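Residue numbers (my numbering): 2 to 163.
All C-beta atoms, glycine included, are put in the ideal place defined by N, C-alpha and C.
Just so you know, these numbers come straight off a predicted model, no measurement behind them.
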């Protein structure tokens with residue numbers, strides 16, 4: 002099965018005091034829903050973006066991050082997504098969790114107080130030590146960049162090119 006339980010400190014801010022705390026919607030949900038802690042409805046015109054407060058601050062333990070990700074339903078039905086997806090919240094950040102939403106849809110979209118606007122996934126992070134090197138170990142891919150591993154169709158892969 003997956004990872005264990007991590008205890009996260011969460012502080013309700015005054016403008017989010019009446020909203021539910023983040024929670025997993027189902028037993029195996031990877032993320033928790035983040036809610037809009039706005040005083041008035043906020044309408045995003047097509048192409049518009051806005052920083053939406055959630056009314057909470059969190060205290061992640063060292064070695065963890067929180068990733069703010071889009072909700073698939075908002076993206077699929079309305080074209081609304083998280084602009085800097087995934088947004089990263091570092092373990093030493095203590096400010097309000099906010100979500101940058103953008104409307105890629107063709108119609109205006111209205112965000113209401115308490116609406117589920119994004120999801121947040123807590124994950125472990127690796128701390129690395131960079132070792133400068135003049136030569137890197139060769140690999141099958143080498144220096145192939147964007148699109149270099151996915152340009153063949155199944156028919157190309159099955160053809161005899163020898």
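For residue i, three-class secondary structure by DSSP
i           : result
residue 15  : helix
residue 61  : coil
residue 35  : strand
residue 74  : helix
residue 105 : coil
residue 130 : coil
residue 2   : Any reading at residue 2 needs caution, since the residue's pLDDT is 49, under 50, leaving its predicted position unreliable; the model's value is listed next. Reduced to three states, the DSSP call for residue 2 is coil.
Proximity to residue i [Cα-Cα], best of the options
i           : options           : result
residue 112 : 100, 151, 90, 123 : 100
residue 89  : 97, 69, 105, 78   : 69
residue 71  : 58, 47, 59, 117   : 117
residue 7   : 114, 15, 64, 46   : 64
residue 49  : 92, 151, 109      : 109
residue 5   : 106, 125, 11, 98  : 125
residue 15  : 43, 74, 57, 106   : 57
Contact set for residue i: own chain, Cβ-Cβ below 6 angstroms, skip 5 residues either direction
i          : result
residue 31 : 122
Residue i, enclosing beta strand (DSSP E) - first and last residue
i           : result
residue 48  : No beta strand (DSSP E) contains residue 48, which DSSP labels as neither H nor E.
residue 119 : 117-125
residue 110 : 110-112
residue 90  : 88-90
residue 7   : First-last for residue 7: undefined, no H or E at that position.
Take every Cβ of the region 14-25, pair it with every Cβ of the region 77-85, and state whether three or more of those distances are shorter than 8 angstroms. no
Give a yes or no on contact between the region 31-42 and the region 50-62, applying the rule of three or more CB pairs nearer than 8 angstroms. yes
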